[in-house]
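Accompanying notes for the structure given below.
Number of protein chains: 2
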Amino acid sequence: MTSLVEVAKAAGVSVSTASRVLTGSSHPISAKTRAKVIATAESLGYSPSALARALVSRTSRVLGVLVSDIVNPYFSVIARGVDDVASRAGYVTMLSNVDRSTLTEINRLQTMRDYRAAGVIIAGSGYVDDPHAPELAEAVRHTRDQGIRLVSLTVRDIGCPIVTADNHAAAHDITEHLISLGHRRIAFIEGPGGMVTSRQRREGFLACMSDAGLADAAQCLPGGFDHEAGHAATMRLIARPPLPDAILAANDEAAVGALNALRQAGIDVPGEISVAGIDDLRVAQFVGLTTVSLPLYEMGAMAARHIIDTTTEPGKPTTTILSHRLLPRETTARRPSPTSA
Amino acid sequence: MTSLVEVAKAAGVSVSTASRVLTGSSHPISAKTRAKVIATAESLGYSPSALARALVSRTSRVLGVLVSDIVNPYFSVIARGVDDVASRAGYVTMLSNVDRSTLTEINRLQTMRDYRAAGVIIAGSGYVDDPHAPELAEAVRHTRDQGIRLVSLTVRDIGCPIVTADNHAAAHDITEHLISLGHRRIAFIEGPGGMVTSRQRREGFLACMSDAGLADAAQCLPGGFDHEAGHAATMRLIARPPLPDAILAANDEAAVGALNALRQAGIDVPGEISVAGIDDLRVAQFVGLTTVSLPLYEMGAMAARHIIDTTTEPGKPTTTILSHRLLPRETTARRPSPTSA
DNA sequence: TTGTACGCGTTATCAC
DNA sequence: GTGATAACGCGTACAA
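So the sequences go chain by chain: F and B.
Using my numbering, the letters of the first sequence correspond one by one to residues 1369 to 1709.
Using my numbering, the letters of the second sequence correspond one by one to residues 1369 to 1709.
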């Protein structure tokens, strides 16, 4: 590994000069020496040690991302958004799966700190009454004091800027769409219990039903964010007729689970019942699922920019809400025979 | 940020002693000083700088992973396997999306080198007659010379250990299964053109058909690894009857695309035609797709272990083949009325 | 068993 | 314009 001293020596200049040339410093350098340094650096295949550089500058070009599970398409899209702007700006992405554990988040945050990451993006949602939330907040504070920028991708009371989507509104909008199609009795398959994002979506659903005077026609079922949960919840629904007019799942994967359960039971979608989800993951396109497109990629990208752009103030804990978009597809249709109210 | 010197000072010992205690060195240390150092480090919230540590030890606890696209479930599962063993061993995962570009791979490899990664896992497949392959091989050699361990997750002639699945055999096995169900005329939807993994799968299919004396009944269609490609290829198939007995897609996502095209055209699967894929991604479970389960997670995990376990020789470029498993599900069935040969 | 001092590869401050 | 030299925070050979 050729170091700066070697380059300097070979070029017949001092390390300082070599450094100045190679870092593109504004310090005045004669054209000839500059050329010479560049040439020898090139020929020696010199590549600066990001480690040494980070050690002295006290900050690296590392961007940390904490996701619950990268296999979950929700998070992989976010990670992709992060990495795209990161790599374009000469940064690297450090990824960690924390499996919805706040303790693990704290732990990984520490690791990112040990590497003097320029910033860390916390992508996972928090939990209602999370006993470890204060610890996380403390760790976040500690991390920020050290000059590391933080961004949360969900509304989480841990004292850092937020770049997110409006889960409440997204659920509200898709519910409204269902209602506009003539559906009245709508079942909502909830996300994981206690998760803030789950709750926001459920409340968005409930609020919309309430606003439409359909509070009594709303039904919530425990579920989860995965296929199995959506499937199971729907099976319970099928076992206790009559079926609702429509089913809204807390996310797309659960919605697909519901769809499958329905079709396996010989129930026509959207003929007999409509199904919708939230997120607009790839699988939603595959099955033609009506859903709400959440700006996942853009959330990751914007969070990354927020960290990289040193022009913006790091202090102010702003909240940025990126917009979602209703995506009607083939699993929803106008209700055939409206109920007499 | 408290440094080692501060801890040492506060504990009333020298930096070396503090270092020895905190790194768990085998160097003899009196119980009392050890306790004292640990206590003060604890109270000061000391956390060693991974940067400084890596700088002096010339290797960090960073594990690089180069994937084509983390949004692709094939790669996210691999990444998860890597990160799980990495984090368990106190390592961090550095992720980079290279979008199937060899040049980008070289570039990111360089970045990982700049951070003195302990090792780098190259997950993406190479291309037949890739003009940049020699450059990559050169970069790999260069990287290894520097003590960075490398593992490729596909058969790629770049001079590094390989941990992979047998794509040829996987395709062969699933084809054999199709044949055993009575299918004769089988269409194969190819993966991306020029990709080595694609080619291996196609040849596995072709070899099996040949072995079964069905070379003439084999049909290959250009396709791709995504839903759209599978869908489009199948539409072409539908447009030129008669339909084959079965369709094998180069991967699950394309198979699901085929499945959707078929069903949209009102063709019953598996009643009229069988469909199968390769990989066993989550979506395959959702739709009940018959496929071959590839040890993606385990490939990532094993590659990570290969890098972390310093007991194993780094020099020998071994090739480890992890086993796959046939997974018959609901998209394949016995052929109803066998053709008269 | 403990301490001293050097080096890892850079950047930055200061003098020339 | 150019060049020493001091950090950055740590591991470690060498000395005590």
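Every residue gets a Cβ at the ideal spot worked out from N, C-alpha and C, and that includes glycine.
Please read all numbers here as calculations on a predicted model, not as lab measurements.
Under a three-way DSSP split, which group does residue i fall into?
i: F:R1421; result: helix
i: B:R1693; result: strand
i: F:T1511; result: helix
i: F:D1647; result: strand
i: F:I1635; result: coil
i: B:G1592; result: coil
i: F:A1484; result: Correcting the residue identity first, residue 1484 of chain F is Arg in this sequence and not Ala. In this structure, F:R1484 counts as coil in the three-state DSSP scheme.
i: B:V1466; result: coil
i: F:T1699; result: coil
i: F:I1530; result: strand
i: F:G1492; result: coil
i: B:L1518; result: strand
i: B:G1668; result: helix
i: F:L1390; result: helix
i: F:L1471; result: helix
i: F:V1435; result: strand
i: B:A1457; result: coil
i: F:T1602; result: helix
i: F:A1661; result: Reading the sequence as shown, one finds Ser at residue 1661 of chain F and not Ala. Strand at F:S1661.
i: B:M1309; result: Lying outside 1369 to 1709, the shown extent of chain B, residue 1309 of chain B is not represented and no answer is given.
i: B:I1675; result: helix
i: F:L1412; result: helix
i: B:T1688; result: strand
Does the beta carbon of residue i sit closer than 8 Å to a beta carbon anywhere in chain F?
i: B:K1377; result: no
i: B:Y1414; result: no
i: B:V1711; result: The requested residue 1711 of chain B does not occur in the structure, where chain B is confined to residues 1369 to 1709.
i: B:R1448; result: yes
i: B:S1708; result: Per-residue confidence for B:S1708 stands at a pLDDT of 45, beneath the threshold of 50, marking its modelled position as unreliable; no derived number is given.
Under 9 Å between beta-carbons, which chain B residues line up against residue i? List them in chain order, please.
i: F:P1441; result: V1439, P1441, S1444 and R1650
i: F:M1462; result: V1430, V1460, T1461, M1462 and L1463
i: F:V1519; result: Going along chain B, no residue has its Cβ under 9 Å from F:V1519, so there is no contact; the nearest lies around 18 Å.
For residue i, count neighbouring C-beta atoms within 10 Å of its own C-beta (all shown protein chains included) and say buried if the count is 16 or more, exposed if not.
i: B:I1689; result: exposed
i: B:H1395; result: exposed
i: F:S1548; result: exposed
i: B:Q1514; result: exposed
i: F:S1436; result: buried
i: F:S1698; result: According to the sequence as given, residue 1698 of chain F is Glu; it is not Ser. Per the 10 Å Cβ criterion, exposed.
i: B:A1403; result: exposed
i: F:G1492; result: buried
i: B:R1569; result: buried
i: F:T1679; result: exposed
i: F:P1560; result: buried
i: B:T1408; result: buried
Counting only Cβ pairs nearer than 8 Å, list the residues of chain B close to residue i.
i: F:V1423; result: Here residue 1423 of chain F turns out to be Leu, not Val, going by the sequence shown. Neighbours of F:L1423 on chain B, chain order: S1417, L1419, A1420 and L1423.
i: F:R1481; result: S1415
For a contact defined as C-beta to C-beta under 7 Å, what are the partners of residue i on chain B?
i: F:V1316; result: Residue 1316 of chain F lies beyond the residue range present for chain F, which begins at 1369 and ends at 1709; the question has no answer from this structure.
i: F:Q1478; result: S1415
Kindly indicate if chain B contains any beta-carbon less than 8 Å away from that of residue i.
i: F:N1628; result: yes
i: F:Q1514; result: yes
i: F:M1369; result: yes
i: F:F1654; result: yes
i: F:S1455; result: yes
i: F:A1403; result: no
i: F:A1669; result: no
Name the chain F residues whose beta carbon is nearer than 8 Å to that of residue i?
i: B:D1451; result: I1438, L1463, S1464 and N1465
Just to make sure I have the definition right: I need the residues of chain F whose C-beta is within less than 7 Å of the C-beta of residue i. Which are they?
i: B:R1468; result: Those do not exist, as B:R1468 stays about 14 Å from chain F at its closest Cβ, beyond 7 Å.
Residues within the segment 1576-1595 of chain B neighbouring chain F, beta-carbon criterion of under 8 Å: Those residues of the segment 1576-1595 of chain B that come within reach of chain F (Cβ to Cβ, closer than 8 Å) are H1595.
Near-chain F residues of the segment 1484-1501 of chain B (beta-carbon distance less than 7 Å), N- to C-terminal order: The residues in question are R1484.
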